[in-house]
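**Student:**
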Amino acid sequence: MTAGLADKRRFKNEAQDMDDFQRIYGPWALVTGASSGIGRAVSHELAARKLNLVVVSRRQRLLDTLKKELEHRYGIEVRTLGIDLTKPGAIEEIDRSTQDIIIGLVVPAAGVAEAAEFTGTTLARHTGMAHLNMIVPMQLIHVFANKMAKRKRGGVLLVSSLFGYQGIPYVANYAATKAYVLTLGEALHFELKKHGIDVSVLAPGLTDTDMPANLPLNFSKLPMFYQSPWKVARTGIRALGKKATVVSGLINKFYAWQNRLVPRSLPVSLFGFLIKRSFKTPAALRGGNT
165 MTAGLADKRR
175 FKNEAQDMDD
185 FQRIYGPWAL
195 VTGASSGIGR
205 AVSHELAARK
215 LNLVVVSRRQ
225 RLLDTLKKEL
235 EHRYGIEVRT
245 LGIDLTKPGA
255 IEEIDRSTQD
265 IIIGLVVPAA
275 GVAEAAEFTG
285 TTLARHTGMA
295 HLNMIVPMQL
305 IHVFANKMAK
315 RKRGGVLLVS
325 SLFGYQGIPY
335 VANYAATKAY
345 VLTLGEALHF
355 ELKKHGIDVS
365 VLAPGLTDTD
375 MPANLPLNFS
385 KLPMFYQSPW
395 KVARTGIRAL
405 GKKATVVSGL
415 INKFYAWQNR
425 LVPRSLPVSL
435 FGFLIKRSFK
445 TPAALRGGNT
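Under this note's numbering, the first residue of the sequence shown is numbered 165, with each subsequent residue one higher.
1) At the level of alpha carbons, what is the spacing between Ser325 and Val411?
2) For Asn382, name the three-state secondary structure that DSSP assigns.
3) Could you tell me which residues DSSP puts in a beta bridge with Arg243?
4) Taking the alpha helix (DSSP H) that Thr341 falls in, what are its first and last residues?
5) With DSSP as the reference, please indicate the residues paired to Leu249 in a beta bridge.
6) Taking just the CA atoms, how far does Phe327 sit from Arg450?
7) Considering just the uninterrupted stretch of the beta strand (DSSP E) at Ile332, what are its terminal residues?
8) With a threshold of 8 Å, are at least 3 pairs of Cβ atoms found where one atom belongs to the segment 425-445 and the other to the segment 389-402?
9) Over what stretch of residues does the beta strand (DSSP E) that includes Thr196 continue unbroken?
10) Please state if the CB of Asn297 and the CB of Thr341 are separated by a distance shorter than 8 Å.
11) Taking its Cβ as the centre, do 16 or more other Cβ atoms sit within 10 Å of Tyr390, making it buried, or is it exposed?
12) Do Val335 and Ala273 have their beta-carbon atoms positioned less than 8 Å apart in this structure?
13) In chain order, what residues of the same chain have a beta carbon less than 7 Å from the beta carbon of Ile202, not counting five sequence neighbours either side?
14) DSSP three-state label for Gln263, please.
15) Tell me where the beta strand (DSSP E) around Gly292 begins and ends.
16) Between which two residues does the beta strand (DSSP E) harbouring Thr409 extend?
17) Cα-Cα, which of Gly197, Phe308, Val219, Leu346 is closest to His359?
18) Alpha carbon to alpha carbon, how far is Leu356 from Arg315? Give it in angstroms, no decimals.
19) So Gly319 and Tyr238 are in contact, right, with Cβ under 8 Å, and what is the actual spacing, rounded?
20) Determine contact between the segment 279-289 and the segment 211-218, defined as no fewer than three beta-carbon pairs at a distance below 8 Å.
21) In terms of residue numbering, what span does the alpha helix (DSSP H) encompassing Asp372 cover?
22) Looking only at its own chain, which residues have a Cβ that is under 8 Å from the Cβ of Ser364, when we skip the five neighbours before and after it?
23) Which class does Arg450 belong to by DSSP, given the choice of helix, strand or coil?
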């Protein structure tokens, strides 16, 4: 009898949570980087909460597949935008394409990483990474937060990284871009609250996605453990409206907090040593800008 009452109470609470989520962040959410990885997992999590979705990626074919999955499984409406976010006019195109709907939640999950000596990566690749990882999220927030503020409700879930908590040699620019996202989100969590806009920053550790798979690193040599993008996405969404920042995974939380306990130079040096020895080849460490 007690177990039955507990189950009924849990189901009622879950239904209430879903209704609240739709009321605050609906009826539409915008997710970039939605064709794979954390962005794809976030899309599924939001669809399960009955938000309609605008999914953005440069890979239109994968978006079309995702659209069919989400509409069939969750009974929601999905729009696809096959856009290269690094190209001029991308943000304006997203804005134009969503004028007829209400975007209540923005999740800029698109990102790119490089691993090599800083001078071994071309300036063009560094600049492209900075634009996609920093400028694009900032622009999207600016466009849609202004609209959310008029309605006095909405949300933003930024995707930073565990590497955003300190400088990381050999992924220096990537770590710096994620530090920008982290501090931007922390500040906007406070600043936009008066407009009814919830801002949270998700800081994943090593996640089982295409991004680490495409880096020239042997991650088995690092004291890090893969998490599924589904678990990471769920952690981020559950933090919305509750926390300014959330780190997924217990050991990742320890890494993030260690900077408060020891001089910053220590984790920087440690990560530099560990990452340098994890490169698959000396040539990969040197990079392609030779």
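Even glycine gets a Cβ: it sits at the ideal position worked out from N, Cα and C. The structure displayed is predicted, hence computed values, not measured ones.
**Tutor:** Quick look at the numbers:
1) Ser325 and Val411 have their alpha carbons spaced roughly 8 Å apart.
2) In this structure, Asn382 counts as coil in the three-state DSSP scheme.
3) Answer is Val218.
4) For Thr341, the enclosing alpha helix (DSSP H) covers residues 336-355.
5) Looking at the DSSP output, Leu249 bridges to nothing.
6) Their Cα atoms are separated by approximately 21 Å.
7) Neither: Ile332 is in no beta strand (DSSP E) and is coded neither H nor E.
8) Taking one beta carbon from each stretch, the segment 425-445 and the segment 389-402 have fewer than 3 pairs nearer than 8 Å; the two do not touch.
9) Its beta strand (DSSP E) spans residues 192-196.
10) Between Thr341 and Asn297, the CB-CB gap stays under 8 Å.
11) That one is exposed.
12) The criterion of a C-beta distance shorter than 8 Å is not satisfied by Ala273 and Val335.
13) Closer than 7 Å at Cβ, skipping near neighbours: Ala273, Val323, Pro368, Thr371, Thr373, Pro393, Val396, Ala397.
14) Residue state, collapsed to three classes: coil.
15) That residue, Gly292, is in no beta strand (DSSP E); its alpha helix (DSSP H) goes 287-294.
16) Unbroken beta strand (DSSP E) run through Thr409: 409-411.
17) With distances taken between Cα atoms, His359 lies closest to Phe308.
18) When rounded, the separation of the alpha-carbon atoms in Arg315 and Leu356 is 13 Å.
19) Rounded to the nearest angstrom, the Cβ distance from Gly319 to Tyr238 is 19 Å, too far for a contact under 8 Å.
20) Contact between the segment 279-289 and the segment 211-218 is absent: fewer than three C-beta pairs spanning the two stretches fall below 8 Å.
21) Run containing Asp372: none; DSSP gives neither H nor E here.
22) Sequence-distant partners of Ser364 (beyond 5 residues in either direction) whose C-beta falls short of 8 Å from its own C-beta, in its chain, are Gly319, Val320, Leu321, Leu322, Gly349, His353, Gly400, Ala403, Leu404, Gly405, Lys406, Lys407, Ala408, Thr409, Val410.
23) In the three-state reduction of the DSSP assignment, Arg450 falls in the helix class, which pools H, G and I.
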